[in-house]
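Asker: Encoded as structure tokens, here's the structure I'll be asking about.
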Amino acid sequence: MGITTLACVPRRSGGDATYVRALVAHLPAVDPGVRYVLFAARWNAGLFRAAPNVRIVPCAVPAGSFALRALWEQAMLPVLAARAGLDVFHAPVNVAPLALAQPLVLTLHEAEPFLPTTQMPGWLRRYWQVTRGLSARRARRILAVSGVAADEIAGAMRLPRAALTVVHHGVDLGRFSPRGPRRAPPGYLLWIGQAYPRKNLDTLVRSYALLARQGAQPPPLHVLGAAGWRDAEVRRLVGELGLGERVRFEGWVPDAELAAWYRGAALLVVPSLHEAFGLPVLEALACGTPVLCADQPALREVGGEVALFVNAREPERLAEGIARALGDPALRARVAEAGPARARRFSWSAAAAATLDVYRAAAEDRPPAAV
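Taking the working numbering, the leading residue of the sequence shown gets 386, the next gets one more, and so forth.
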């Protein structure tokens, strides 16, 4: 089985990269008799651990340029895949090399480029529409990361819903749990991600400013994650609203430190206008940290009855939700018990086992399992 890891860029880890790394870490143990070939560049090979049934094929992919990487993947990965003698090739982040000769498994993470509400730049939206559409039609099996995402992808891309298999993300309960160090001083608000338009970070900043003007004296807001398209705009907004001392941009945080950030937070706020899964929700709940989410279907699929939900399109409503959550002294005690229990429903081991089943079905050209 071959897996391309070239979408995993060090120090820019988002949900997609976490997904790839977790699958690669857990697949070898599902069935040690299955052999895997990872296609990795010199600049990201250090993200992956060796295993007896895993071989890494080095790829001379240029670093730092998305366009050059995309061209290299289309031109060279089919050649390397043919040499590796693969039964199945998995493209785990939305786009596959179109000239592959092997059966293709494709993971489509979300339908955003096809949605009329997207705020992607026009050129990027068109690129994703073309490449994802061609990849999906080339694929023998398609994975989606949630039921909501599968429904959206099928509708927006005009694919048969039965062609998509849902395999939820998991959470590493060894790393994310209530036990362990906390970031000091604790009690802050937390946002994690990249400042893309759909992440709605600007509305969170405006909500925070409302709380501050109302005299609520909210705790500091820490913003974690690599820069996104809206990063400069959000930083400018923070300055205009006079929040420079209260809203703190921490940048990319190493994996080893992330759980401590969750544990120390009074509240994780996820105001996204659209999500396909929402991995920070699951990681925070596993740490026993309260979570306030935008009332989006995928976030409800993940957070269930444990997360809190609010209208995050209006700063006033989001501010009210934050104030209510911070003013509930029993909330942390409830989530400390219910959060880890909710998180245990989502396992990377289970995700890896389900993914291997899809690989085998693709190799044998069996129909997708009914969902």
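No residue lacks a Cβ here, since even glycine has one placed at the ideal position from N, Cα and C.
(1) For the alpha helix (DSSP H) containing L509, name the first residue and the last one.
(2) Would you mind reading off the limits of the alpha helix (DSSP H) that contains G760?
(3) From P488 to V619, what does the alpha carbon distance come to, in whole angstroms?
(4) Any idea which residues DSSP pairs Y573 with across the strands?
(5) Taking the straight line between their C-alpha atoms, what separation do you get for L677 and G431?
(6) Should G578 go down as buried or exposed, given a rule of 16 or more other Cβ atoms within 10 Å for buried?
(7) What are the start and end residues of each continuous alpha helix (DSSP H) run of 4 or more residues lying completely inside the region 572–651, in chain order?
(8) From the beta carbon of G431, is the nearest beta carbon of chain D less than 8 angstroms away?
(9) Measuring CB to CB, does G565 end up less than 8 angstroms from A645?
(10) Assuming the contact rule is C-beta atoms closer than 8 angstroms, G724 and A671 should be a hit. Round their C-beta distance to whole Å, please.
(11) Verify whether the separation of the beta carbon atoms of I441 and S592 is less than 8 angstroms.
(12) At the level of alpha carbons, what is the spacing between G627 and L483?
(13) Starting from A425, trace the beta strand (DSSP E) in both directions and tell me its first and last residue.
(14) Out of curiosity, what's the CA-to-CA distance linking G518 and G600?
(15) Between A739 and the rest of its own chain, which residues show a CB-CB distance below 6 angstroms, the 5 nearest in sequence each way excluded?
(16) If you scan the region 688–740 from start to end, which runs of the beta strand (DSSP E) of 3 or more residues do you find wholly inside it?
(17) Excluding the five sequence neighbours on either side, which residues of its own chain have a C-beta within less than 8 angstroms of the C-beta of R615, listed in chain order?
(18) With distances taken between CB atoms, is the gap from L408 to A736 smaller than 8 angstroms?
(19) Please report how far the alpha carbon of V473 lies from the alpha carbon of R522, in whole angstroms.
(20) Roughly how many whole angstroms lie between the Cα atoms of E749 and H475?
(21) Using 7 angstroms as the cut-off, classify the Cβ of W513 as near or not near the heavy atoms of the ligand SAM, replying yes or no.
(22) The beta strand (DSSP E) that contains A430, what's its start and end?
(23) Buried or exposed: A746, going by 16 or more other Cβ atoms within 10 Å of its Cβ?
(24) Hey, quick one: how far does the beta strand (DSSP E) through L491 stretch, first residue to last?
(25) Which residues mark the beginning and the end of the alpha helix (DSSP H) in which F451 is found?
(26) Which whole-angstrom value describes the C-beta separation of L589 and W576, a residue pair presumed to lie in contact below a C-beta threshold of 8 angstroms?
Answerer: With the given structure in hand:
(1) 507–523
(2) Nothing about residue 760 can be read from this structure; the chain reaches only from 386 to 756.
(3) 43 angstroms
(4) A650
(5) 34 angstroms
(6) buried
(7) 586–598, 616–625, 640–649
(8) Absent from the structure: chain D. Only one protein chain is present.
(9) yes
(10) 7 angstroms
(11) no
(12) 50 angstroms
(13) 421–426
(14) 50 angstroms
(15) V552
(16) 693–695
(17) A580, Y581, P582, K584, L586, D587
(18) yes
(19) 16 angstroms
(20) 15 angstroms
(21) Ligands are entirely absent from the displayed structure, and the ligand SAM is therefore not among its contents.
(22) Per DSSP, A430 belongs to no beta strand (DSSP E) and is neither H nor E.
(23) buried
(24) 489–492
(25) 451–469
(26) 6 angstroms
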